[in-house]
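> Take a look at the following structure, please.
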Amino acid sequence: MALLEVSDLTMHYRTRSGWVQAVERVNLSLDRGAAIGLVGESGCGKTSLAMSLLKLLPSNAQIKEGQILFDGNDLVPLTEDQMRRYRWERISMVFQAAMNSLNPVYTVRDQIVEAIQYHMPMRYEEAWSRVAKLFEFVGLDPGVMNQYPHEYSGGMKQRAVIAMALACDPDIIIADEPTTALDVIVQDRILKRMDEIRSELNMAMIYISHDIAVIAEVSDRIGVMYAGKMMEMADVVTIFQKPLHPYTFALMSAFPSVRGEKHELVELPGEPPDLISPPKGCRFHPRCPQATAVCSEKAPEFTEVEPGHFCACWNPRSK
Amino acid sequence: MPDTVTATDALIKVDNLSKYYPLASGLFSRVRHYIHAVEGVSFAADAGEVIGLAGESGCGKTTTGKLLLRLIAPTNGYIYFNGIDVARIPSGGKLKAYRRQVQMIFQDPYESMNPRKTLYDIIAEPLAVHKIGNIVGREQVVADSLARVGLVPPETFMFRYPHELSGGQRQRVAIARAIGIKPRFIVADEPTSMLDVSIRTGVMKLLLELRQEYNLAMLYITHDLAVARYMCERLAIMYLGRMVELGPTEEVLQNPLHPYTKALISAVPVPDPTFKREAIPIKGSISRPVDPPSYCRFYPRCPVATDYCRENKHPPLEDKGDGHYVACYNV
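Right, dumping it as C-alpha cells:
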C-alpha cells in the first residue's frame, strides 16, 4: 500500500463565469521515501492539485469527486479540524515564492517555534533548540535565527522555509516551485540539500515545477499535466527517452539545454485552453499534431500502457 | 584601450563603460559610498549580431542594457553608435535621433504596457513620438507589425486591450512596438523568461527571424544559459558589474575558462536524467559591489585565486584565442 494514493481527484473553482475545471480525475500514488515531480505550464493545475491534497483551498473551490488516501485514510471527507492533524504533522508544504511566506514582523525563529508549538506540546526553550537543529540540518547558521526575514538573502529564506516544513517531522513534503526565484548556483545547492534530506529521513517529496530540468534532477517519477489533467506518468528516464504522449514530447522538444547536442527547438502552436469550457474529448486535441476524429469526441482514459508507465492518449507515440 | 575586444567598424561599440550609484547615508544624506553596478565593460556588436549577456541577479546586466540605450547616463566610458559617441550627448534633438534607431523589449509583458491603451495606441506611440508618417500611414505600419509578429488578422487585434491577450501574445505586441520604427539595435531584457515553454520557443524564433530581416544588432539579456545558447552568436558572462568572459556562445558554454563561468555552467540543471552533472562548488554568495576593492571581484570566492590576484588590479579581458576573452590571471 502506497503512502499516498490519489484516485480520480476532481477539483473545480466556482467563478462568476462558471466552474473552472482546474483538476480533473487525477490519479497518482507515492511511496514512502519516493519523489514525484509534477511538470506542466502555468495554469495546468499543478498547484491546484497540491493545494487539494492538503485541502488548503479557497472558499470557492470544491472537491467534486475522488479519494485522497493517506496511510489508508481518506482525507476528502475530513472536516477542517480533523485536517489540522495531517497538515504540517504528516504533509507539509514549501510554498512558491518563499520570500512572501515569512512574516516580516517576527523573527524567523519565532515563526518556526509557533509552527512547532501549534502541533506539538513543547516548551519554548525546547522548541528553540529544535529550531537550531533544523537550521543546521538545512545548512543555515543557527546564529541567524534571531534575525528578521528581510535580513536574509533569497537562498537563506528558502532554506528557512524548508526548515519550517521539516519542523514536525512530516511524511511528505510538497515543494511548489521551491527554487524558481533563485539564481542557479543557489538553486543547485538547495536542490542538493533537499535530495539529501529526503534520503536521510526517508521522506516522500512532491516537487512541482515548470522547469523539466529541475524536476529531472530530483524526482524518481514524473507526472506531466496539461489543462487540469494528468497526461502521462512514468519513471524519469522513460519520460525523457520514450515519451508516449504527444504533449510530453512537445514539452521536451521545446526545452533548451546547455549540454549535449544542440537540437532544434520545436514550437507548439496555439495556447492552453480556457478551463471553464475546455475542449470536448482530449483537452490537448486542438494543439495536438497527432489528433484524429476520436480525440475530439471522447476523453482518453489514463491507463497503464506498460508496467509503471501511464498515459492518457488515443494515439500514443510508438514505443 | 583594449581595442582588440572592439572591432572598429562595429555598429555599436562600448568602451570601458561604468555606472556608479550613490548610496546616501547619515543625517544629511551625504553620499559616502557608491555601488559600482557596472565597471569597465567593453565589447562591440555588428549589425545582425545577437550578443548574450548572462549572469546572476545583481550582476549589472540590465544596467548595461539601459546604459546602451541611454535610459540612464553612464558615469564613465564611451558608447559609439555608428562611430558617434552617444554616451555624453545632451538630452534633446541628438539623443532623440539616437533613440529613433534603438528600442528595448522588457521582461514583463504585463507591466510594460499601459492597460488603458489599445494595441494600436501602444504600437503607434513610438511612431508618433518620432513623428514618423501620418495617421493613415501609421495605421498601416501597426497592421504590418502585428501581422509580422503573428497576431493575425491584424484588424481583429488592433483595437483590443492588453488584458485581452495571453502572455505570449503580449510579448509579441511588445516586439511589434519595438520593430515599428525599424530600429537598428534592440536591447531585449529577459524577453522570454515570463513565458511558458511551449510559447517561449515561438517568441525566440520570431526574434531571430526579425534579426535577419532587419539586420538588427541585439543585446539579449538573460539569466538562462540554455536560452542564450539558442539565441546568441556570442555570449558574455558578468559577475558583480564586471564582464569576466566573452566569446562564441558554444565555446563559452562547452569550454568555459573563467572559474566563475565554470561554476555557473556546472550548476545549470540538465533536462536529461542520464546526464551525470558534476557541480563545481564555489564558496560564499553574491554580495553587493559597494566600494569594491580594485582587485578581482571574484577573488573572495575563487577556488584558484592566488596572492597575485589580490595584489593587482582587476584582470583585463584578454583574448585567449579565437575571440574567447577571459578576465582572469590564472587561465
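Chains as they are written, first to last, in the numbering used here: chain F, 755 to 1073; chain Z, -15 to 315.
The beta carbon of each residue, even a glycine, is placed where N, CA and C say it ideally should be.
Values in this document were obtained by computation on a predicted structure and should not be read as measured data.
Got a sec, what are the start and stop residues for the alpha helix (DSSP H) S883(F) sits in?
Looking at the DSSP string, the run of the alpha helix (DSSP H) that includes S883(F) is 878 to 892.
> Report yes if the CB atom of S182(Z) is closer than 9 Å to the CB atom of A1004(F), and no otherwise.
Contact flag set, yes.
> Give the DSSP-derived three-state secondary structure of T(-10)(Z) in the structure shown.
Reliability fails at T(-10)(Z), whose pLDDT of 45 lies under 50, so the model's placement of it is uncertain and the value that follows must be treated cautiously. Coil.
> Strictly under 9 Å for the Cβ-Cβ distance: is Q1100(F) near chain Z by that measure?
In the structure displayed, chain F extends from 755 to 1073; residue 1100(F) sits before or after that span and is not available.
> Using a Cβ-Cβ cut-off of less than 9 Å, list which residues of the stretch 1016 to 1030 of chain F approach chain Z; keep chain order.
Under the 9 Å Cβ criterion, the stretch 1016 to 1030 of chain F contributes K1016, L1019, V1020, E1021, L1022, P1023, G1024, E1025, P1026.
> Determine the extent of the alpha helix (DSSP H) in which D291(Z) is found, giving its start and end residues.
D291(Z) -> alpha helix (DSSP H) spans 291 to 295.
> Whole angstroms are fine: how far does the CA of L79(Z) sit from the CA of V848(F)?
Approximately 49 Å between the Cα atoms of the pair.
> Identify, in the order they occur along the chain, each residue of the same chain with its Cβ nearer than 7 Å to the Cβ of A247(Z), setting aside the five sequence neighbours on each side.
So the qualifying residues of the chain are I264, I266.
> When you compare the CB of D173(Z) with every CB in chain F, is at least one pair closer than 9 Å?
Output row for D173(Z): interface = no.
> Taking a cut of 8 Å between CB atoms, which residues from the stretch 798 to 818 of chain F lie near chain Z?
Correct list: empty, as no residue qualifies.
> Compute the Euclidean distance between the alpha carbons of P58(Z) and L52(Z), then round it to the nearest angstrom.
Their backbone Cα atoms lie some 9 Å apart in a straight line.
> Taking beta-carbon pairs under 8 Å, can you tell me which members of the stretch 74 to 106 of chain Z lie near chain F?
For the stretch 74 to 106 of chain Z, which is checked against every Cβ of chain F, not one residue is closer than 8 Å.
> DSSP on C1065(F), reduced to helix/strand/coil?
It is a strand residue.
> Using CA coordinates, which residue listed in S96(Z), C312(Z), A158(Z) is at the minimum distance from M227(Z)?
Taking only the C-alpha atoms, the option nearest M227(Z) is C312(Z).
> Just to confirm the assignment: which complete beta strand (DSSP E) runs, minimum length 3, are found wholly within the stretch 19 to 58 of chain Z?
Within the stretch 19 to 58 of chain Z, the complete beta strand (DSSP E) runs of at least 3 residues are 34 to 38.
> DSSP three-state label for W773(F), please.
Note: W773(F) maps to strand in three-state DSSP.
> For A247(Z), go through chain F and note every residue whose CB falls closer than 8 Å to its CB, in chain order.
Per Cβ cutoff of 8 Å: I939.
> Taking only beta-carbon positions, decide if H766(F) is within less than 9 Å of chain Z.
By this cut-off, H766(F) is not an interface position.
> Which residues of chain F have a Cβ atom closer than 7 Å to the Cβ of A263(Z), listed in chain order?
The answer, in chain order, is D942.
> In the DSSP assignment, find the beta strand (DSSP E) that holds E1058(F) and state where it starts and stops.
1057 to 1060 is the span of the beta strand (DSSP E), which, as asked, contains E1058(F).
> Taking all protein chains shown into account, decide if Y143(Z) is buried (16 or more other Cβ within 10 angstroms of its Cβ) or exposed.
Per the sequence shown, the amino acid found at residue 143(Z) is Phe instead of Tyr. It counts as exposed.
> Closer than 7 Å by beta-carbon distance: list the chain Z residues that pair up with E1134(F), in chain order.
Nothing can be reported for residue 1134(F): it is not among the residues displayed for chain F, which extend from 755 to 1073.
> Threshold first: 4 residues or longer. Then list the alpha helix (DSSP H) segments lying entirely within the stretch 225 to 252 of chain Z, N to C.
Fully enclosed alpha helix (DSSP H) runs of 4 or longer: 233 to 238, 243 to 250.
> Buried or exposed for P831(F), please, with buried defined as at least 16 other CB atoms from any protein chain shown within 10 angstroms of its CB.
Exposed.
> Consult DSSP for H17(Z) and reduce its assignment to one of helix, strand or coil.
In this structure, H17(Z) counts as strand in the three-state DSSP scheme.
> Leaving out five residues on either side along the sequence, give the residues of the same chain with a beta carbon under 6 Å from the beta carbon of A252(Z).
It should be noted that the sequence gives Val, not Ala, for residue 252(Z). Excluding sequence neighbours, V252(Z) sits near L209.
> Roughly how many angstroms lie between the CA atoms of R1107(F) and G820(F), to the nearest whole one?
The requested residue 1107(F) does not occur in the structure, where chain F is confined to residues 755 to 1073.
> Using a Cβ-Cβ cut-off of 9 Å, state whether T(-10)(Z) counts as contacting chain F.
Annotation note: pLDDT 45 at T(-10)(Z) (below 50); position unreliable, coordinate value reported separately. No, no contact with chain F.
> Determine the DSSP secondary structure at G61(Z), reduced to helix, strand or coil.
Residue state, collapsed to three classes: strand.
> What beta strand (DSSP E) runs, 3 residues minimum, are completely inside the stretch 803 to 878 of chain F?
Entirely contained in the stretch 803 to 878 of chain F, the beta strand (DSSP E) runs reaching 3 residues are, in chain order, 815 to 824, 845 to 848.
> Assign E23(Z) to one of two classes, buried (16 or more other C-beta atoms within 10 Å of its C-beta) or exposed (fewer than that).
That one is buried.
> If you follow the beta strand (DSSP E) that K983(F) is part of, which residue opens it and which one closes it?
First-last of the beta strand (DSSP E) with K983(F): 983 to 989.
> Is G1014(F) buried or exposed, if buried means 16 or more other CB atoms sit within 10 Å of its CB?
That one is exposed.
> By DSSP, does M(-15)(Z) sit in helix, in strand, or in coil?
Low confidence applies to M(-15)(Z): its pLDDT is 40, below 50, so where it sits in the model is not reliable, and the reading given next is rough at best. M(-15)(Z): coil per DSSP, three-state reduction.
> Per DSSP, which residues does L1(Z) bridge with? Please list them.
Beta-bridge pairing links L1(Z) to V25(Z).
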